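Novice:
See the structure below:
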């Protein structure tokens, strides 16, 4: 059964007690800069600082009591790891996170802070997969994939649902695309409830596998992706690709320069911390590769997890 | 006639079409850190990035048509200058801003960006006052003082009004204190509508003139204030002092270390940009000089205007 709007509506009900209903902000300086009217759905202000908490929570609370008792597992060193750890803690079950031992200390501590049990592995995809299989064999835990999981996709779609409840007359919704969980959930939520809303995705030029996949009509892997938007390195999944192909108008690629400029402008003028991945749709508007002048554009700001001691612009210590 | 709740209610009506109704955010990490339940009224997300826009807008739109036609004037190099410039532009009247020629370029450009007409002067209080007098003589403009003005105080009080509408069962409201406009407006709004709410202010240890004034029972000047919280350098005014004396429970001083720690923690975990002055009440909670454990605390986050290339912690450029 393909995923439908009903799954997203059910997800919204299921996760409501656990998530933040994040604000939709507007910023006149941003509007003037890009020549459009923007509505920022602030998932950077979501718990764990990212939309990923919606999908993880929906997946964890969709499990039967028997399934849940076994715990959940994922390999991730990003926002999904923290999201799954916190969602599992809220349900009172273990979360086993497989993470390369080379992951930044701050990410290890974040997962542990939410009660996640980390198993370290070598920093290769093969080692991650093998270690995950070992953890499953040892614990019986249920895998919650970061995006190729229907309950995760349904959860991610709830952000767009809230955005459209608050601002129903959007012309366009923009999201970033990595594995496609946010994009496919958003596309179902938007096109089913507001058929005239166009869904467009933004992807770093230097990690353009989703763009190329849509052109080719088949899932293509990433080739050595090298972008500051480190949440968007993954390829599309078998569940997300067909949804995106059917419902997303286009994927537009964005330069690293535009991503960084948009991130900094948003910090400076909208006064919110967004991570580079969240700046990619804004970068699309800064670059004006497609003409969206005068449109009413909803943007899902995907997250705000940034190392404040490593910034993509020159900064000195003061005072 | 002393300022009353009715003035603040009238201000709220008057400025509603022009201001953002800013969100009230919660952050579990902050709650755990300080051992209380915090409700952050995000005036850093207000237009021009500060609560000052409320007071300036109320003052500008309170003028009669004849008065307004003459324009408005203030000497300020801070958030009030930008706020007054934008409020005046919204009413379609000139704003004359007196500013020392030594003010940072970014602040000059911000005021000009909002249509303010700057007259530069030497960086002394005497030069500012003289230049302001000259501008008034030349233009007939009406002075809008940044805090010693009843319409400004009434406007600043509207933030607390909104906060208490959204979260009526607060135990305490915390604000920073500089000239006392925000604090006195908040104190009237809170104590008149919710007599059980305690109003407490936070002030940098290194600019503790309000704390000393309250002890002494008379307005004392600042002695060489030297704090990163550069919005809080001014002394109390003749209008704000009596209100604060009558309605504020106490003023607590906060170390520079706690201000910076609270600012960084808020950026990192709450994902919002706050300026040092806005971090002072949070610094009070971080330092735990008074016991507020378990309380429900509303905090007016006063602003978010920060130079992102000058941060009070070590940062390197990446990538």
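Protein chains in written order, with this note's numbering: chain L, 21 to 339; chain P, 21 to 339. We put the beta carbon where it would ideally sit given N, CA and C, even for glycine. What you are looking at is a predicted structure, and each value in this text was computed from that prediction instead of being measured.
1) When DSSP builds the beta bridges, which residues end up paired with residue 141(P)?
2) Examine chain P for any beta-carbon lying closer than 8 Å to the beta-carbon of residue 156(L), and answer yes or no.
3) So what does residue 95(P) bridge to, in DSSP terms?
4) Indicate whether the contact test is met: 3 or more Cβ pairs, each with one atom in the stretch 307-316 of chain L and one in the stretch 315-329 of chain P, closer than 8 Å.
5) With a threshold of 8 Å on Cβ separation, who are the neighbours of residue 41(L) within its own chain once the five nearest residues in sequence on each side are excluded?
6) By the 10 Å Cβ neighbour count, where 16 or more other Cβ atoms means buried, how is residue 142(P) classified, buried or exposed?
7) By DSSP, does residue 59(P) sit in helix, in strand, or in coil?
8) Using the C-alpha atoms, what's the distance from residue 32(L) back to residue 63(L)?
9) Output the boundary residues of the beta strand (DSSP E) element that contains residue 274(P).
10) Using a Cβ-Cβ cut-off of less than 9 Å, give me the residues of the stretch 267-294 of chain P that come near chain L, in sequence order.
11) Suppose you measure from the CA of residue 250(P) to the CA of residue 279(P); what does that come to, to the nearest Å?
12) Indicate whether the contact test is met: 3 or more Cβ pairs, each with one atom in the stretch 322-333 of chain L and one in the stretch 282-295 of chain P, closer than 8 Å.
13) Going along the chain, which residues of its own chain have a beta-carbon closer than 7 Å to the beta-carbon of residue 111(L), five neighbours each way excluded?
14) Could you work out which residue in 299(P), 205(P), 333(P) and 49(P) is closest to residue 346(P) when comparing CA atoms only?
15) Decide if residue 126(P) is buried, meaning its Cβ has at least 16 other Cβ atoms within 10 Å, or exposed.
16) Please confirm if residue 329(P) has its CB atom under 8 Å from at least one CB of chain L.
17) For a minimum of 3 consecutive residues, which ranges assigned as the beta strand (DSSP E) are wholly contained in the stretch 209-297 of chain L?
18) Rounding to the nearest angstrom, what Cα-Cα distance links residue 69(L) and residue 52(P) in this structure?
19) In its own chain, which residues sit with a C-beta less than 8 Å from the C-beta of residue 287(P), not counting the 5 before and 5 after it?
20) Answer with yes or no whether the minimum CB distance from residue 336(L) to chain P is below 8 Å.
21) Taking its Cβ as the centre, do 16 or more other Cβ atoms sit within 10 Å of residue 233(L), making it buried, or is it exposed?
22) Between the beta-carbon of residue 164(P) and the beta-carbon of residue 92(P), is there less than 8 Å?
23) Taking only three categories from DSSP, how would you classify residue 196(L)?
24) Residue 64(L) versus chain P: which residues are under 7 Å apart at the beta carbon?
25) Suppose the cutoff is 6 Å on Cβ atoms and the five residues either side in sequence are ignored; what does the same chain contact list for residue 55(L) look like?
26) Can you list, in chain order, the residues of its chain whose CB lies under 8 Å from that of residue 226(L), leaving out five sequence neighbours each side?
27) If the criterion is Cβ atoms closer than 8 Å, does the pair residue 328(P) and residue 218(L) meet it?
28) For a cutoff of 8 Å on Cβ pairs, would you count residue 61(P) as touching chain L?
29) Could you tell me the alpha carbon to alpha carbon distance between residue 131(L) and residue 105(L), rounded to whole angstroms?
30) Have a look at residue 138(P) and residue 145(P) and give me their C-alpha separation to the nearest angstrom.
31) Going along the chain, which residues of its own chain have a beta-carbon closer than 8 Å to the beta-carbon of residue 414(L), five neighbours each way excluded?
32) Which bits of chain L does residue 45(P) rub up against, with CB to CB less than 7 Å?
33) Quick check on residue 181(L): does DSSP put it in helix, strand or coil?
34) Please decide whether residue 69(P) counts as near chain L, where near means a Cβ-Cβ distance under 8 Å.
35) Give a yes or no on whether the minimum CB-CB distance between residue 114(P) and chain L is below 8 Å.
36) What number of angstroms, rounded off, separates the C-alpha of residue 97(L) from the C-alpha of residue 103(L)?
Specialist: Quick answer:
1) As a working note, residue 141(P) is residue 121 in the second chain. Residue 141(P) is bridged to 120(P).
2) Taking the first chain and counting its residues from 1, the one referred to as residue 156(L) is at position 136. Answer no: the Cβ-Cβ gap between residue 156(L) and chain P never drops below 8 Å.
3) The residue labelled residue 95(P) in the question sits at position 75 within the second chain. Answer is 118(P).
4) no
5) Residue mapping note: residue 41(L) aligns to position 21 of the first chain, counting from 1. Within the same chain, Cβ atoms closer than 8 Å to the Cβ of residue 41(L) are found at 182, the five residues on either side in sequence being excluded.
6) Looking up residue 142(P) in the second chain gives position 122. So residue 142(P) ends up on the exposed side.
7) Residue numbering aside, residue 59(P) sits at position 39 when the second chain is read from its first letter. Residue 59(P): strand per DSSP, three-state reduction.
8) The sequence position of residue 63(L) within the first chain is 43, counting from 1. The sequence position of residue 32(L) within the first chain is 12, counting from 1. In a straight line, the C-alpha of residue 63(L) is about 15 Å away from that of residue 32(L).
9) To locate residue 274(P), count along the second chain from 1; it is residue 254. Per DSSP, residue 274(P) belongs to the beta strand (DSSP E) from 270-274.
10) 276, 284, 287, 288, 289, 290, 291, 292, 293 and 294
11) Mapped onto the second chain, residue 250(P) falls at position 230. Mapped onto the second chain, residue 279(P) falls at position 259. Rounded to whole angstroms, the separation of the alpha carbons of residue 279(P) and residue 250(P) is 12 Å.
12) yes
13) Start at 1 with the first residue of the first chain, and residue 111(L) comes out as number 91. 80, 81 and 88, listed in sequence order.
14) Outside the shown range of chain P, which is 21 to 339, sits residue 346(P), and nothing can be said about it.
15) Locating residue 126(P) in the second chain gives position 106, where the first residue counts as 1. That one is exposed.
16) Reading the second chain from its first residue, position 309 is the one you call residue 329(P). It does; some Cβ of chain L falls within 8 Å.
17) Fully enclosed beta strand (DSSP E) runs of 3 or longer: 218-224 and 270-274.
18) What you label residue 69(L) is simply residue 49 of the first chain in a count that begins at 1. What you label residue 52(P) is simply residue 32 of the second chain in a count that begins at 1. Taking the straight line from one Cα to the other gives about 16 Å.
19) In the second chain, residue 287(P) corresponds to position 267, counting from 1. Excluding positions up to five away in sequence, the list reads 293 and 294.
20) Reading the first chain from its first residue, position 316 is the one you call residue 336(L). Yes - at least one Cβ of chain P is within 8 Å of the one on residue 336(L).
21) Taking the first residue of the first chain as 1, we reach residue 233(L) at position 213. So residue 233(L) counts as buried.
22) Working through the second chain from its first residue, we reach residue 164(P) at position 144. Working through the second chain from its first residue, we reach residue 92(P) at position 72. It is a contact, given that the beta carbons lie within the stated cut-off.
23) In the first chain, counting from the first residue as 1, residue 196(L) sits at position 176. In this structure, residue 196(L) counts as strand in the three-state DSSP scheme.
24) Within the first chain, residue 64(L) is the residue found at index 44, counting from 1. Here the neighbours are 291.
25) By 1-based counting over the first chain, the position of residue 55(L) is 35. Result list for residue 55(L): 313, in chain order.
26) As a working mapping, residue 226(L) is identified with position 206 in the first chain. Within the same chain, residue 226(L) has close Cβ partners 245, 246, 247 and 276.
27) The residue given as residue 328(P) occupies position 308 in the second chain. The residue given as residue 218(L) occupies position 198 in the first chain. No, the Cβ-Cβ distance between residue 328(P) and residue 218(L) is not below 8 Å.
28) Along the second chain, one-based indexing puts residue 61(P) at 41. Not one chain L Cβ lies under 8 Å of residue 61(P).
29) Looking up residue 131(L) in the first chain gives position 111. Looking up residue 105(L) in the first chain gives position 85. Near 6 Å, if we compare the C-alpha coordinates of residue 105(L) and residue 131(L).
30) For this step, residue 138(P) is matched to residue 118 along the second chain. For this step, residue 145(P) is matched to residue 125 along the second chain. Computed Cα separation, rounded: 16 Å.
31) This structure leaves residue 414(L) out entirely; chain L is present only between 21 and 339.
32) The residue given as residue 45(P) occupies position 25 in the second chain. Those within 7 Å of residue 45(P) in chain L are 65.
33) Numbered from 1 along the first chain, position 161 holds the residue referred to as residue 181(L). Here residue 181(L) sits in helix by DSSP.
34) As a first step, residue 69(P) is located in the second chain; it is residue number 49 there, counting from the start. At least one chain L Cβ lies under 8 Å of residue 69(P).
35) Numbered from 1 along the second chain, position 94 holds the residue referred to as residue 114(P). Cβ-Cβ to chain L under 8 Å: no for residue 114(P).
36) Working through the first chain from its first residue, we reach residue 97(L) at position 77. Working through the first chain from its first residue, we reach residue 103(L) at position 83. One C-alpha to the other measures close to 11 Å.
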